[in-house]
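Okay, so here's the structure we're looking at.
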Amino acid sequence: MKYSVKMRASKNNNEENLHIGGAESIVDEEDLLNIINSLASRGLNHSRGQADFVNIKINKVREDDIINIRALETRTIEVDTKEEGLVVMEKLLNSMGIEKSQRVIDLLINAKNMRGAIILNILTMERMEGDLDKGVRVTNMDYASRRDISNKNHFKEALCLATKTLNAKAIIGEVCISDDPDYVTGYLANKKEYIRITKLKERGDLNGGRVFLYDPRLDTIENTIDYLKNQLVIVHE
Numbered sequence: 022m023k024y025s026v027k028m029r030a031s032k033n034n035n036e037e038n039l040h041i042g043g044a045e046s047i048v049d050e051e052d053l054l055n056i057i058n059s060l061a062s063r064g065l066n067h068s069r070g071q072a073d074f075v076n077i078k079i080n081k082v083r084e085d086d087i088i089n090i091r092a093l094e095t096r097t098i099e100v101d102t103k104e105e106g107l108v109v110m111e112k113l114l115n116s117m118g119i120e121k122s123q124r125v126i127d128l129l130i131n132a133k134n135m136r137g138a139i140i141l142n143i144l145t146m147e148r149m150e151g152d153l154d155k156g157v158r159v160t161n162m163d164y165a166s167r168r169d170i171s172n173k174n175h176f177k178e179a180l181c182l183a184t185k186t187l188n189a190k191a192i193i194g195e196v197c198i199s200d201d202p203d204y205v206t207g208y209l210a211n212k213k214e215y216i217r218i219t220k221l222k223e224r225g226d227l228n229g230g231r232v233f234l235y236d237p238r239l240d241t242i243e244n245t246i247d248y249l250k251n252q253l254v255i256v257h258e
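Right, here's the structure in full:
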């Protein structure tokens, strides 16, 4: 028997509900209590600040509903400045055939305090996620191998999310900058690989964002969002 466990942490900041962080796992019943404790500790101790609200949600899941996929291949591009990193990202987007790559980057660097991702139609450059303030949050995923989740591993968690996301029929790419002020590495992912870019913002910057590149010719937006939110996925490294 397996359970999906999700944690979300936030705090009130001048009457605004500020997203602090989130994490999740798909676990066997015997690991459930340990995972709950680890996620609670993580929600209360975050580089974005002290949370005053931590929500943990537990759902029993059917193993027959889980799909298993292989993690994307990875590589790293070293850069010295965020400006250089953004130029690299623009070139990678251009190589994918994205004609208005600067539009993608502008959305990415201006996506402030969104809990989820922007979904961008690559043909019209219109946002498709419905809720433009919160975006679409990808959930219900984990690695096949058990790991310590009491502390955030930015690379591993982002790779898991990107692998699930790029398995969606109509998502052809993703760009991301972490909202963690201590983590400046971001990435671009496509159907074949996950490309880390070592600097995309300055240390101490609380802003970050995630943009999914959606091709409407490949699947409907309804099917795509349903997959991102609800499909249970186990990633194998």
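Every number in the numbering used here is 21 more than the matching position in the sequence shown, counting from 1. Backbone N, C-alpha and C define an ideal beta-carbon position, used for all residues, glycine too. Predicted model, so just to flag it, every value in this text is computed and none were measured.
Sequence-distant partners of residue 22 (beyond 5 residues in either direction) whose C-beta falls short of 6 Å from its own C-beta, in its chain, are 50.
Per the Cβ contact rule, the region 176 to 186 is in contact with the region 89 to 103 (3 or more Cβ pairs under 8 Å). Around the beta carbon of residue 253, a 10 Å sphere encloses 16 or more other beta carbons of the protein chains shown; the residue is thus reported as buried. Judged by DSSP secondary structure, residue 196 falls within the beta strand (DSSP E) whose first and last residues are 192 to 198.
Between the alpha carbons of residue 246 and residue 161 lies a distance of about 13 Å.
DSSP places residue 186 in the uninterrupted alpha helix (DSSP H) bounded by 175 to 187.
According to the DSSP assignment, residue 221 belongs to no alpha helix (DSSP H), since it is labelled neither H nor E. Within its own chain, the residues whose Cβ lies closer than 6 Å to the Cβ of residue 74, once the five positions on either side in sequence are excluded, are 31, listed in chain order. Its Cα nearest to that of residue 119, the residue 143 stands out among 143, 105, 66, 202. Closest by C-alpha distance to residue 111, out of 257, 240, 210, is 210.
Going by beta carbons, residue 26 and residue 78 fall inside the 9 Å limit. Just so you know, the alpha carbons of residue 122 and residue 145 end up roughly 12 Å apart.
Membership of residue 211 in the beta strand (DSSP E) is indicated by the continuous run 207 to 211. Restricting attention to 235, 205, 117, the CA atom closest to the CA of residue 223 is found in 205. In the three-state DSSP reduction, residue 61 falls in the helix class (H, G or I).
A distance below 7 Å between beta-carbons, with the five flanking residues on each side excluded, links residue 72 to the following residues of its chain, in chain order: 30, 31, 32, 41, 64, 65. Under DSSP, residue 138 forms a beta bridge with 157.
A distance below 9 Å separates the beta carbons of residue 150 and residue 156. Each of 56, 39, 234 was checked against the Cα of residue 28, and the nearest Cα belongs to 56.
In its chain, beyond the 5 residues on either side, 156, 157, 231, 233 have a beta carbon closer than 6 Å to the beta carbon of residue 138.
Shown here for residue 197: same chain residues with a beta carbon closer than 6 Å to its own, the five before and five after excluded, namely 207, 208, 231 in chain order.
If you compare the alpha carbons of 153, 163, 58 with that of residue 48, the shortest gap goes to 163.
DSSP places residue 163 in the strand class (E or B) of the three-state scheme. Counting of Cβ neighbours within 10 angstroms places residue 201 among the buried residues, the total reaching 16 or more. One Cα belongs to residue 217, the other to residue 195, and the distance between them is close to 12 Å.
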